[in-house]
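To start, the structure itself, in structure tokens.
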Amino acid sequence: MTPIFATDINGLLLALAVLLAGGLLCLLAGPRARLAHLLGASTAALASLIGLTAALPALSVAGSQQVALSWPAAGLNLALTLDPLAAFFLLPIFLLTFCGALYAIDYLHFPARSWRAGLHWFFYNTLGASMAVVVLAANGLVFMLAWELMSLSSFFLVTHDYQEEKVRQAGWLYLVATHIGAAFLFFVFFEASRVAGSLDFASFAALRALPVDATLLLFFAALIGFGAKAGLFPLHVWLPDAHPAAPSHVSAIMSGVMIKTALYGLLRLLTWLPPIPAWAGIAVALLGITGALFGIAMAATQTDIKRSLAYSTVENIGLIFLGLGLWLFCQATGHEQAAVLALVGALLHIWNHSLFKGLLFLGAGSVVHATGKRELSALGGLLRRMPLTGSLLLFGAAAISALPPLNGFISEWLLYLSLFNAGQDAAGGAAFFFMLLAILLALTGGLVVLVMTRLLGVALQGEPRSAAAAEAHESSAVLIAAMSIPAALCLLVGVMPQLPLQGISGPLLTLLAPNHAPTGSPLLPPFGPAWSLSLLTGLAALVAIVAIRTWRRRNASRLATWGCGYLKPSARMAYTAGSYSQFAQDTVFCSCVTPTGASTRGPALFPPPAQFGQERLDPALTRWFLPLFGKLAERAYAFRRLQAGQLSIYVLYIFIATILLLGWGIMAP
Amino acid sequence: MNTPPNLILLFVILFNFFILGTSRLNTCIRSVALQGALLSLLPLFLHTLTFHTYLLAVGAFVLKGLLMPWLLFRAIRQVKIRREVEPRIGYIPTLLLGALTTAGAFIFGDRLPLLPEHLHSLFIPAALSTLAAGFLMLITRRKAIAQVLGYLMFENGIFIFGTLLAETMPFLVEMGVLLDMLVAIFVMGIVMHHINREFSTLNTEQLSLLRE
Amino acid sequence: MLLYAVIFLPFAAAALAAVLPSDRLRPWLIPITALLHFALVLGITATAAPAVNPNSLLGLDALGRFILFVVSLLYAACSFYALGYFRYHADWENRIFITALLAFLGAMTIAAASRHLGLLWVAVEATTLVSAPMIYYNRNRFSIEATWKYLLLCSVGIALAMLGILFVAYAGLHGGGEQELLLDQMLASASLYSKPWLRAGFVFLLVGFGTKMGLAPLHTWKPDAYGEAPGLVGGLLAGGLTSVAFLAILRAVQIMIAAGEQVLVRQMLLALGVLSLIFAAVFVIRQRDIKRMLAYSSVEHMGILVIGVAVGGLATYGAMFHVLNNALTKGVLFMTAGNIHRHYGSKRMCETQGALSVLPYSASLFLAGFLAITGSPPFAPFMSEFTILRGMFAGGHLVLGALFIGLLVVIFIGMGGTVLPVTMGPHLEETEDEASDYRETLLTIGSPLFLLAAVLCLGIYLPEPLKIMFSEAAKLVEVTP
Amino acid sequence: MIIRLLLHFLLLAGLSPLLIGVITRTKAIIAGRQGAPLWQPYRDLRRLFGKDMVLSSTTTWVFRAGPVVGIAVPLIAALLIPFGAVGAPLSFSGDLVLFVYLFGLARFFTVLAALDTGSSFEGMGAAREATFSCLAEPTLFVAFIVLARISGSFTLDTMFKTLLANNLQTVYGVSLVLTAICLFIILLAENSRIPFDDPNTHLELTMIHEVMVLDHSGPDFGLILYGAAMKLMVMGTLVVNFIMPPSTGDLFVDAAFYTAALLALAVGIGLVESGMARLRLLKVPQLLIGTSLLSFFALVLLLR
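Chains as they are written, first to last, in the numbering used here: chain A, 1388 to 2056; chain B, 5 to 216; chain C, 149 to 629; chain D, -6 to 297.
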């Protein structure tokens, strides 16, 4: 925290050390839950503060700092590198780790004597440290080591309440998905090392000599591997289950930053690979926009507030991949300006999403904490009962809906701008492609507003729909504080976009350097004074109007909502989440994302009490992956006959093996 | 071609077929014992008559020709079972397979270069075909005892080959082998006893509780 | 001199156990012997390797020292568990079991120290025979069936190995003239051997010792034997005996390499190794029996070992490292699985769910062991498998590497699908008749805990002496194309 | 600069209620009635601002913020577009996105304000509003893209200056006409005019916008009406700009031209409204999708 560590990787080492030491201490604290709780929270918070102060300066410092500890066990060095790109990802990691730790102080409650607290904080600190190491890793071993640790620790955090069946299933799904992804990553790094001759990232510059097919092999293997972690459609299937299952501060971290480490990996790989063919860029962009539309459509039909937010994460990841794909395509086709705009947009959206999604998950967590319910149909009227939390949630929703003057708008604005730019100087089909993307992006934007108003309107407004919601209490000051940090940053980025854009210029150059000569800041888009001026006028107008109204404020009489003559409108008459999205389902969405319902109303003289149930399963999971894996397992099962328990058959195996090998041995030259 | 060893080996091969073909358990045991006894003569014809050779021959004779059958008969007496080998596949197919493997043994034997003194001898084919016959017994017979017999023929085959090298190989090895076989048969006998106690049969097809 | 003591000690203890009247005192022989043995082994490995006398039947080269160290370490760690085990089975007659257990150690020691193929063969066969009664310890129809299969299959295999030795000897007779089966002499003159005989001999040796080691498709006895044996025995078989069998195969490989037959050796080992991985992957999916699952995992790791040797270079070193990791981790898994089995009186997944809530220590150790054996950091198997993979890709085996990674993931998923419900699943209220009288004691937890700690430390920090041991062992079987 | 700013504000604030008046008057005349005087809307506003207000006990600050944002947004948005030849006071490259998302902001708050009452009527209206604008927004974007493509710039100011006038003869003519039509339809949809909605009726379950403001009263309601009028004017300006003559140089002459054109547009809207009946609710999405296809067609014509 002192300037000694500023601008220096030692600060990060210190932060890592504090994190790991804190984790071990929590474990040593054993069943003394209170002690472990405080230890864990304090160490995590302290470490992330140190990390922030150490990473912030590195954002703008060109070049990289190395540190390498020799590691005989591996035969490789435990080498870390800090460069602007790494710093770019370190900032949100440490920020959210800090907020999460702060938040958990009041959010988590442990029985006085249990190991749970120690374990939770051990894995929490490990997660923080491993995320940082993933970003800092300087060779394949360190990267994969940290990557696996990250997956495992997050798995154990997700399964914090492992007694619940759903939580276990969610955790298992997550573990499987992340391991399949990791397999592809292992392949990528080993294949790269085979070409480059060593696992050191420094030597991966040799990859630039790769022929195009080998490049594509690496690129798409990495896309699958990292996409599975990032939640890229259709590999997102673990995400909507894992986030509701996890404790909210964990969901905030996983959704806010952990999945972003996958994006880091992809970007880092792109700095080594030779330019990617244009069509690959198109593929990525299309995947991205498809994922965005799919995610937001699914989010509109969910009734679990955290599940809905998880799908909105899928949407945002889709937008980021759209930006990346656009960047690759424009780079390959020579639209310099558009390429830069797309990349900047994607990078900024990475930051933005970690801010407002962290805020939203923390806010949702407070709602769950106050009411004990995640179902929208059991919430309502919370804005009156917990005004601060509610307002922060509303703030985050506005930010994620890309409404000016908040941060979400800036990044989407950049994406639009790059699309328009490309569409402007492209011709014919290509231009048409960009326009199409712009239109789909607009559609997504509209749907986001729909989803967010739905979430807030049903969860926070109107009358409480359950007793639990009715006696909800405002969350404690700690929770509010933890939430207001990202909120403040959302506003800052939105009102003064120059700041983050300058911050991004460092990593931007790192990413662009391989492919064209480093031009200076003109790469950055033109945010004239006009921007801030228009906002200022807007704000002035608002102030003026409010002033007028306060001046003309009469004693407003408070009565019940006018309900068409009903004297006591009850919450059961209120518009539900299902009906809110019903209209969109019927008119806008394709049938594959609409929930599947089952009603037991039969025509009868004396109709029995009828029920109606809906389930909102992920089509990618239920239609593609589960059948696929089921079939594979069936195939594997067919081989069980080989082990039928008959001794003589086993002897026969030995006999056959001997004969075959003998034949081979004799025939072999 | 018609040196004593070759004649013995010829008999041995014929015994293989006989064992594969017969249905009586006792006959099987006796013929396996006889086979072993025949084999125990081989060293005497093959090598210079040293103490080592004698010891090997006598040891083999006692173990293969006397001890083993005694053990097996005792096992049969303990477990009162039908004196019949119940083959998994019929006798004719078994014999055909036996013929096939014997042919294969001859062909394979030709591909291996022999020392001049061993040329035109039946050692390699005989050893391999006995081995294969043992395998066939193990694969096709149901009764545990029959499988033990298969294992014995197996060992006989190895012994045939071993005698070629009786001088090369140190004393220790054959003795080790023989003693070891002895122990193996002992243990197998004990296990068979327990099997019979648990399953009240020696039909190993019953022993398929452990399966996927 | 120390060597003879090391060999003599277990047999003496076995004899003592055989005559000792008291069932109470007898178990104490195990940890005492094991610790003495381990101390002696440490004494041997600590001192610089004396030049092995080429004419002596016994002697320890780098490979032997390494395997001996692994076996002795595992045995020492498990011995305390054995104490707890017999305390639990206080009323059972344990004379035969303990005698066999001690003789088992002796046989493995001889096998590791033998410089003579015949002696090696005898020792390995002896391990088969003495381990039979240990597998049959539970005395029910399942265990007898398992014992029968184990005994017969391994005897067949070992007999084939004998034939292989004879073939190799004949090859020597054909090429190098009169000579004994002493390893050093054979290595010296292997280049003169007649190739067809040598190859045929190698095939028989591979099949024979491969059966013992449990390479697919010769592994068929493994799930039954490991599944029915007590957890302790399972650990010793999967960790110790397989390593010894691996050593036996490596001896054959040494000879083949000396004869300049690397290519064939490498191909055959690769074939068997990949086949083992595939079998393990296929059979581990939806495996409902935790011990059988561990058995297939053992098949998998045998496959990894031979693949590592076959690939050569860095991978061989990784394979040596992996021998140790596999042995230790298997010890953890089998012992904790034994605890779970004993508590629930079942090893079916459906009946043993939610162990974390009743056996917190065993279950979490089991879980950690699962993560370790499937190559998750920061445990040592991750390191060794990573090293093997590095060697693989450095050797340009692109497809093989991809296949390897893919199969490892399948196996992870397969095992996880069983292990996670068993540990984290919903805890079923066990009925009265279920054997829930078992409580975790320091003895039954300490051994696996120690082993896991060792695995963890090795993953983070590898002591220099061990590293040297691995690399020297690897040098002996280095397949240089 | 400052003059331009003031001019914009004045035109917007002063003119927007008049448009409503003109529309209603036109409809009345077509219907054969004499109708309310043109300045009736001004009176209504004054009356509303003078009133007390009734707040639902369910509501929170969001309920009151809705109208404020609802009127602030058109004010800001108006600064980004030229009023005829009167240039936009604020403009920067890419402000078209800001323009669209500003209305998103307004929608966000009006919808939340509606939901804040917890009444199912408002809820229903909010759902429809949100859904329809999802369909309307892309059309707006396509229209803007077409104009940007033609004018080669991303600032609304240059995009909307004197377009149809000089391009009608060129190859762009067809696309421009199509775009103008699309914008007109969007204008009707966004301002909930017939055939999408009927601003005169209340409490009909088929309504979109009006039903959302049921619980607003007094000054709040006045703000809403005023904001709606401004929104109408802003959107109308987009359409009007297609037919505006090039600048005469004199700011006020241009303003006069613009005013005239705007009033003409209002009359046009009135004619359309009295000419056709409101669509069934389920037909509305089809019409909107049809519009976006139309605009898309314009784009295709442009790019071919």
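Glycine included, C-beta positions come from ideal geometry on N, C-alpha and C.
Contact set between residue i and chain D, taken where Cβ atoms lie within less than 7 Å
| i | result |
| --- | --- |
| Val1836/A | Gly97, Arg100, Phe101 and Ala123 |
Amino acids of chain A, ordered along the chain, whose beta-carbon sits closer than 9 Å to that of residue i
| i | result |
| --- | --- |
| Thr51/D | Gly1768, Arg1771, Gln1848, Gly1849, Glu1850, Ala1947, Thr1948 and Pro1956 |
| Leu476/C | Per Cβ cutoff of 9 Å: no residues; Leu476/C is ~15 Å from chain A at best. |
Residues of its chain near residue i, where Cβ-Cβ distance is below 7 Å and the 5 sequence neighbours each way are ignored
| i | result |
| --- | --- |
| Leu95/D | Val66, Ile69 and Ala70 |
| Gly102/B | Asn20, Phe21, Leu24, Ala137 and Leu140 |
| Leu576/C | Gln501 and Gly502 |
| Glu626/C | Gly460 and Thr464 |
Beta-carbon separation (whole angstroms), residue i vs residue j, contact threshold 8 Å
| i | j | result |
| --- | --- | --- |
| Lys1693/A | His1740/A | 16 Å between Cβ atoms; not a contact. |
| Leu1605/A | Glu1578/A | 6 Å |
| Tyr1511/A | Ser1635/A | Rounded, the Cβ-Cβ distance is 13 Å, inconsistent with contact. |
| Val152/B | Leu59/B | About 26 Å; that fails the 8 Å criterion. |
| Leu1346/A | Gly1438/A | Residue coverage of chain A in this structure runs from 1388 to 2056, which leaves residue 1346/A outside it and unanswerable. |
| Arg100/D | Glu115/D | In fact, because the Cβ distance is near 14 Å, the residues do not count as touching under 8 Å. |
Residue i: contacting residues in chain A (beta-carbon distance under 7 Å)
| i | result |
| --- | --- |
| Glu216/B | Arg2027 and Gln2030 |
| Ile64/D | Ile1932 |
| Leu296/D | Gly1815, Ala1818 and Phe1819 |
Residue i: contacting residues in chain C (beta-carbon distance under 8 Å)
| i | result |
| --- | --- |
| Ala136/B | Correct list: empty, because the minimum Cβ distance to chain C is about 12 Å. |
Beta-carbon contacts of residue i that lie in its chain and below 8 Å, excluding the five residues immediately before and after
| i | result |
| --- | --- |
| Ala153/C | Leu188 |
| Pro2006/A | Cys1979 and Val1980 |
| Ile2043/A | none |
| Met1773/A | Ser1753, Val1754, Ala1757, Ala1859, His1860, Glu1861 and Ser1862 |
Neighbourhood of residue i by C-beta distance below 6 Å, restricted to the same chain and skipping five residues each side
| i | result |
| --- | --- |
| Val1454/A | Ile1396 and Leu1467 |
| Gly154/B | Gly138, Met141 and Leu142 |
| Ala1608/A | Phe1571, Phe1574 and Val1575 |
| Ala621/C | Ala210, Leu211, Phe214 and Met468 |
Under 8 Å by beta carbon: chain A residues contacting residue i
| i | result |
| --- | --- |
| Glu130/D | Ala1829, Leu1830, Gly1832 and Gly1833 |
| Glu209/B | Gln2033 |
Neighbour list for residue i in chain C, Cβ cutoff strictly below 7 Å
| i | result |
| --- | --- |
| Pro117/B | His322, Ser342 and Pro344 |
For residue i, the residue or residues it bridges with in DSSP
| i | result |
| --- | --- |
| Lys147/B | Asn207/B |
| His264/C | Leu330/C |
| Val79/D | Phe76/D |
| Ser146/D | Answer by DSSP bridge pairing: none, since Ser146/D is not bridged. |
| Thr1983/A | Glu2002/A |
| Pro91/B | Arg145/B |
Neighbour list for residue i in chain B, Cβ cutoff strictly below 7 Å
| i | result |
| --- | --- |
| Leu2039/A | Ile143 |
| Tyr318/C | Leu168 and Leu169 |
Chain D residues whose Cβ lies nearer than 9 Å to that of residue i
| i | result |
| --- | --- |
| Trp1800/A | Gly87, Val90, Leu91 and Tyr94 |
**Request:** Entirely within the segment 197 to 275 of chain D and at least 4 residues each: give me those alpha helix (DSSP H) ranges in chain order.
**Result:** 212 to 233 and 244 to 268
**Prompt:** Fully enclosed by the segment 512 to 563 of chain C, which alpha helix (DSSP H) runs are 4 residues long or longer?
**Reply:** 528 to 542
**Any beta strand (DSSP E) of 3 or more consecutive residues that is wholly inside the segment 1559 to 1583 of chain A** = Listed in chain order, there is nothing to give.
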